[in-house]
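Here the sequence shown is numbered in this note's numbering, starting from 130 and rising by one per residue. From the three backbone atoms N, C-alpha and C, an ideal C-beta is built for every residue, glycine too. Only one structure is covered here, and it is reproduced in the block below.
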Amino acid sequence: MHTNSIKIIINLILKTMAKILGNNLVVRIGTSVSDPVILCSTSCTLNLNQNTVEASCKGDPATSGDKWTSAIAGSASWDISTDNLYDDDITKESFDKLAQLIINDANGTADNSADVVFEIVGAVAPNITTYTGTVMLTDISLNGPTDEYSTFTANFKGLGILTQTPAV
Numbered sequence: 130m131h132t133n134s135i136k137i138i139i140n141l142i143l144k145t146m147a148k149i150l151g152n153n154l155v156v157r158i159g160t161s162v163s164d165p166v167i168l169c170s171t172s173c174t175l176n177l178n179q180n181t182v183e184a185s186c187k188g189d190p191a192t193s194g195d196k197w198t199s200a201i202a203g204s205a206s207w208d209i210s211t212d213n214l215y216d217d218d219i220t221k222e223s224f225d226k227l228a229q230l231i232i233n234d235a236n237g238t239a240d241n242s243a244d245v246v247f248e249i250v251g252a253v254a255p256n257i258t259t260y261t262g263t264v265m266l267t268d269i270s271l272n273g274p275t276d277e278y279s280t281f282t283a284n285f286k287g288l289g290i291l292t293q294t295p296a297v
């Protein structure tokens with residue numbers, strides 16, 4: 130069975146100033162900063178999540194007996210989402226190209242893996258924190274409001290480990 134898993138590299142450039150503009154975050158299809166950006170992105174998000182496992186004991190003085198709960202860290206997960214303006218240029222990383230990942234996988238016609246880069250652009254290079262892992266395109270939606278630009282959203286689910294390489 131084919132899977133639409135995608136390799137992902139997330140580059141976060143940490144500037145010396147405390148704030149970074151959202152304009153500096155982009156999602157690219159590929160493995161480097163020279164690879165194409167997902168066309169006309171207006172917003173992108175990387176989410177990291179930590180599940181918890183209930184670890185309360187009856188009469189535990191650390192939790193005031195039965196009044197407070199306690200928990201330990203469970204499994205972790207991550208995902209990426211992006212909002213974009215629609216452009217029908219199929220030579221670029223557009224809705225049509227991303228939608229083809231799910232269509233090909235559902236039809237069993239291709240192993241739809243690709244590389245993706247999530248980065249902060251516009252800063253100088255040794256201040257780059259990189260996150261790497263594999264994702265699957267879980268859904269993509271096209272919206273056509275009256276008298277407004279057509280938009281699309283794409284959501285990617287992390288599959289397994291997300292590795293962080295800190296900035297130097």
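| query | result |
| --- | --- |
| Identity of the residue in Tyr260, Asp217, Gln179 nearest threonine 292 by Cα | Tyr260 |
| Closest by C-alpha distance to tryptophan 207, when choosing among Phe224, Asn178, Trp197, Asn272 | Asn178 |
| Close beta carbons around valine 166, own chain, < 6 angstroms, minus the five adjacent residues each side | Val155, Arg157 |
| Local Cβ density within 10 Å of cysteine 186, reported as buried at 16 or more and exposed below that | exposed |
| 8 angstroms CB neighbourhood of asparagine 176 in its chain, flanking five on each side removed | Trp207, Asp208, Ile209, Ser210 |
| Proximity test, Cβ basis, 8 angstroms: serine 279 and chain B | Among the protein chains of the structure shown there is no chain B, as only one such chain exists. |
| Alpha helix (DSSP H) segment containing isoleucine 117, residue limits | Residue 117 lies beyond the range of the chain shown here (130 to 297); nothing can be said about it. |
| Whole-angstrom distance between alanine 205 and threonine 263, CA atom to CA atom | 14 angstroms |
| C-alpha gap between serine 172 and asparagine 152, whole angstroms | 8 angstroms |
| Inter-residue Cα distance where the pair is threonine 275 and isoleucine 201 | 49 angstroms |
| heavy atom of the ligand ZN below 7 angstroms from cysteine 173 C-beta | Only the bare structure without any ligand can be found here, which leaves the ligand ZN out of the picture. |
| Buried or exposed by the 16-neighbour rule on C-beta atoms within 10 Å, applied to glycine 289 | exposed |
| DSSP beta-bridge partners of cysteine 173 | Thr211 |
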